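Only one structure is covered here, and it is reproduced in the block below.
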Amino acid sequence: MSPPSQSVMLDPDEFDIPPAIETDDDELPSVMQLSQQLAHMQPSFTKGENSESSISAPFASTPKRSQSQRAPIKVPLTPSPPDIISISSSPATTPQSHSQTKMSGSQKRKQDDGDRSITAAEKPAKRPKIKAARRFPTTHKHQVHWELDGNVVIRIKKTLFRVHRGVAKHSEWLSQRFEEEADGFEGKDPVFNIKEEDRVTVKDFEALLDAMDDAITYFYNPPDFLTVVSIFRASSALSFNRFRDWAIRYLEEMWPSSLCRVTLDPISHASDTVILAREWGLKSIRKRALYELVRLAGFGQDDSDDESDRSTTISSSDYKLLVRAREMLTSAWTTRIATATFGVETKCVGNVESCTAADVSLVASKHQEMVVASGLFETFLRDPICGTRALMELHWAKAGYCQACVDQRIVVWGKARERMWEDLDMWLGLDKC
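Take 6 as the starting number for the sequence shown in this note's numbering and just add one per residue.
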């Protein structure tokens, strides 16, 4: 591929141009004619301002012309072969070579690239194609609680419930909302938004509506604990007072605060109940639930780091109360209640010579056998309430105690048990609630 041609300045006055070159037609002279004409010419070459001339051997010794002479005509030359040159005396006309008329591939590509860049700049920029985002509905109807003949829509986050307006008679909260906003929904079904600060979730409200539909069946088939908790939360937040009272009775039956209802049978969901009682101020069920945690290993708390279990983890303040209560209960059990001589006379109260209580060494021996060796002492180390009950139910008469001494022991242990249960209010911080 030939290198770019250099511009050479020719002065028409220095050449003896035959008149035959001037013709009326538009055809260019032949190569032979130009060769003959160039043989008589002695051109003077002038460098371009910003380029160096590359000249063939025949023109290397040609002298330069001064700047005071007429304006030269630029004629591009290439080293070989000679090109067809159009010579004109007009200074405004720029001669073109055959190489310029027929541009090389690289020059053409550069020019095309330049044309395209100019064209691209002139054209308005196209709007970028943005991939359409996948569309999801902002709300959806509840699969069950969307009554076709309903006339009130209740929205919780993205879930829509359609119910009958008569549901307001069970709820002071809804009834008040209907009255306040009824004018804004003339001619269409009103839509009421239950916000996050109202503390009602989709699951809880769903459980409440289920309870309204299946209330009569709950009499024979009560729901499980978690369902009742959902009903309680929703009914408390939205003032469904009758359903709230029913849920509280259910929970109080499950977590009785009466001492006589404390048994060895474990009750599940103690942590859930403690959290619920603290959040919603249910003091009546809190004591029994806390004591259930006191007698569980690790206070019923899982040591795993699973974030999904955080909802069943009690607060640090409740945890401290559990530690304190267990310390006090364990101390009462080990130092007083479960000792051999706790609350009894050192002699037989019935004055029976053959009674075990009449012999101090025999009392210690029987205690070791019935309380320590049997494992009762260690078994109830975290549950003195039930442990004391177990002491009361031992067959002390078979151990040689007279009936008067047996009755005395039962009364003493019974009072100690009641005292511990009362002290729990202080140890668990319930007296300050």
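Glycine included, C-beta positions come from ideal geometry on N, C-alpha and C.
From a predicted model like this one, the values you see are computed outputs, not experimental measurements.
#1: Let me know if Cys353 comes out buried or exposed under the rule of 16 or more other beta-carbons within 10 Å of its beta-carbon.
#2: Counting Cβ pairs, one atom from each stretch, are 3 or more of them under 8 Å apart for the segment 386-394 and the segment 355-367?
#3: Where does the unbroken alpha helix (DSSP H) through Arg291 begin, and where does it stop?
#4: Less than 8 Å between the C-beta atoms of Val157 and Asp194, yes or no?
#5: For Ala421, I'd like the list of residues in its chain whose CB is within less than 8 Å of its CB, leaving aside the five on either flank, ordered along the chain.
#6: In whole angstroms, give me the CA-to-CA distance for Ser370 and Ala404.
#7: Helix, strand or coil: how does DSSP classify Gln5 here?
#8: Looking at the strands, I want to know which residues DSSP matches up with Thr164.
#9: Under three-state DSSP, which class holds Phe197?
#10: Would you check if there are 3 or more beta carbon pairs closer than 8 Å linking the segment 257-264 to the segment 235-245?
#11: Please name the residue, chosen from Leu213, Thr361 and Phe224, that lies closest to Ala409 on a Cα-to-Cα basis.
#12: Throw me the rounded Cβ distance for the Phe166 and Leu214 pair, which I believe falls under 8 Å.
#13: Under the assumption that Cys407 contacts Leu269 (Cβ atoms under 8 Å), give the Cβ distance between them as a whole number of angstroms.
#14: Below 8 Å between beta carbons: does that hold for Glu423 and Leu264?
#15: Terminal residues of the continuous alpha helix (DSSP H) containing Glu184?
#16: So Val205 packs on Arg160, CB below 8 Å; how close in whole Å?
#17: Go through its chain and collect everything with a Cβ distance to Ser289's Cβ below 7 Å, but skip five positions before and after it.
#18: How would you call Arg331, buried or exposed, if buried means at least 16 neighbouring beta carbons within 10 angstroms?
#19: Return the CA-CA distance between Pro271 and Asp412, expressed in angstroms with no decimal places.
#20: Going by the DSSP bridge assignment, what does Trp151 pair with across the sheet?
#21: Below 8 Å between beta carbons: does that hold for Val376 and Leu334?
#22: Checking 8 Å against the spacing of the C-beta atoms, do Met397 and Gly380 come in under that value?
#23: For His169, which of Glu184, Leu153 and Gln181 has the nearest alpha-carbon?
#24: Arg203 to Trp178, Cα distance in whole Å?
#25: Which word fits His274, buried or exposed, when buried means at least 16 other C-beta atoms lie within 10 angstroms of its C-beta?
#26: Whose C-beta lies closer than 6 Å to the C-beta of Arg291 among residues of the same chain, with five residues either side of it excluded?
#27: Buried or exposed: which applies to Phe3, given that a residue is buried once 16 or more other Cβ atoms fall within 10 Å of its Cβ?
#28: What residue does the alpha helix (DSSP H) around Ser366 start on, and which one ends it?
#29: Would you say His175 and Arg254 are within 8 Å of each other, going by their C-beta atoms?
#30: Residues in its own chain within less than 6 Å of His147 by CB, not counting five upstream and five downstream?
#31: Note down the Cα distance separating Tyr324 from Ser359, rounded to an integer number of angstroms.
#32: For Leu433 versus Leu326, is the C-beta spacing smaller than 8 Å?
#33: Among Asn226, Arg266 and Ala216, which one has its Cα closest to the Cα of Phe245?
Well, looking at it:
#1: With 16 or more neighbouring CB atoms inside 10 Å of its own CB, Cys353 falls in the buried class.
#2: Contact between the segment 386-394 and the segment 355-367 is absent, because fewer than three Cβ pairs lie under 8 Å.
#3: Segment Lys288 to Val299, the alpha helix (DSSP H) holding Arg291.
#4: A contact, by the Cβ cut-off of 8 Å.
#5: Once the five neighbours on either side are set aside, the close Cβ partners of Ala421 are Ala337, Arg341, Ile342, Phe347, Gly348 and Thr393.
#6: Between Ser370 and Ala404, the C-alpha separation is close to 10 Å.
#7: Outside the shown range of the chain (6 to 438) lies residue 5, about which nothing can therefore be said.
#8: Thr164 is bridged to His145 and Ile161.
#9: Reduced to three states, the DSSP call for Phe197 is strand.
#10: Flag = no, the segment 257-264 and the segment 235-245 do not touch.
#11: Residue Thr361 is the option with its Cα nearest to Ala409.
#12: Phe166 to Leu214, Cβ: 7 Å. Contact.
#13: With a Cβ gap of about 29 Å, Cys407 and Leu269 do not count as contacting.
#14: Contact flag set, yes.
#15: Per DSSP, the continuous alpha helix (DSSP H) segment holding Glu184 begins and ends at Glu177 to Glu186.
#16: Beta-carbon to beta-carbon, Val205 and Arg160 are separated by about 11 Å, too far to satisfy the 8 Å threshold.
#17: These residues qualify, in order along the chain: Glu257 and Ser262.
#18: When all chains shown are included, Arg331 counts as buried.
#19: Each residue's alpha carbon lies about 29 Å from the other.
#20: Beta-bridge pairing links Trp151 to Arg167.
#21: Contact: no.
#22: In this structure, Met397 lies away from Gly380, with their beta-carbon atoms at least 8 Å apart.
#23: Ranking Glu184, Leu153 and Gln181 by CA distance to the CA of His169 puts Leu153 first.
#24: One detail in the question is off: residue 203 reads as Asp in this sequence, not Arg. Using only the alpha carbons, I get a separation of about 11 Å.
#25: With 16 or more neighbouring CB atoms inside 10 Å of its own CB, His274 falls in the buried class.
#26: Setting aside the 5 residues that flank it on each side, Arg291 is surrounded in the same chain by Ala282, each with a C-beta closer than 6 Å to its C-beta; the list follows chain order.
#27: Lying outside 6 to 438, the shown extent of the chain, residue 3 is not represented and no answer is given.
#28: Start and end: Val365 to His372.
#29: No; because the gap between Cβ atoms is not below 8 Å, this pair is not in contact.
#30: Here His147 has Thr164 and Phe166 as same chain residues with Cβ atoms under 6 Å from its own Cβ, once five neighbours each way along the sequence are excluded.
#31: Rounded to the nearest whole angstrom, the C-alpha separation of Tyr324 and Ser359 is 50 Å.
#32: Contact: yes.
#33: Here the closest residue by C-alpha is Ala216.
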